[in-house]
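These notes concern the structure reproduced below.
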Amino acid sequence: MEFCPKCGAVLVQKRKNDGCIRCNYASKSRVKLKTSEKMDEKKEIAVVKDKDVEIYPIIDGECKKCGHNKVYFWTMQTRASDESETKFFKCTKCDFTWREYR
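All you need for this note's numbering is the position in the sequence shown, starting with 1, plus 4.
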């Protein structure tokens with residue numbers, strides 16, 4: 005790869021001769037562009053599946069089945085987009101799940 009002696013830009017191959025696009029410098033010799041890239045091996049990406057880990061916030065709330073006072077919660081759009089979300093709850097002790105519509 006060669007560079008322009010006037011402005012420092014990369015010399016490129018033109019129709020009649022080689023030269024600089026920026027300042028119109030013309031080179032008498034042919035420009036040879038050669039590029040290479042070294043690729044490293046890809047590292048394996050760890051994938052967390054939904055069934056492996058539950059990552060939900062824990063709030064104070066009473067389980068309707070066992071009466072425990074800590075529950076997970078999450079929201080999901082289950083009806084039309086102009087209606088409010090459905091809030092799901094899951095007991096941290098017995099895994100009982102219920103929902104509330106608002």
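Ideal Cβ positions, reconstructed from N, Cα and C, are used throughout, including at glycine.
Would you call G71 buried or exposed, if buried means 16 or more other Cβ atoms sit within 10 Å of its Cβ? Flag for G71 reads exposed.
Jot down the residue ranges of each uninterrupted beta strand (DSSP E) in the segment 32 to 96, minimum 3 residues, whole runs only, in chain order. Runs found: 62 to 64, 74 to 80 and 90 to 95.
Whole angstroms are fine: how far does the CA of V51 sit from the CA of T101? Computed Cα separation, rounded: 26 Å.
Which residues in the same chain have their Cβ closer than 7 Å to the Cβ of F77, if we skip the five residues on either side of it in sequence? Non-local C-beta neighbours of F77 in its own chain, meaning closer than 7 Å and more than five positions away in sequence, comprise Y60, P61, I63, K91, F92 and F93, ordered along the chain.
7 Å Cβ shell around G23 - same chain, five flanking residues per side excluded: Taken in chain order, the residues that qualify are L15, Y29, A30 and S31.
Which same chain residues, not among the five before or five after C98, have their C-beta less than 8 Å away from its C-beta? C67, K69, C70 and H72, listed in sequence order.
What first and last residue would you give for the beta strand (DSSP E) that runs through Y105? From DSSP, the beta strand (DSSP E) with Y105 extends over T101 to Y105.
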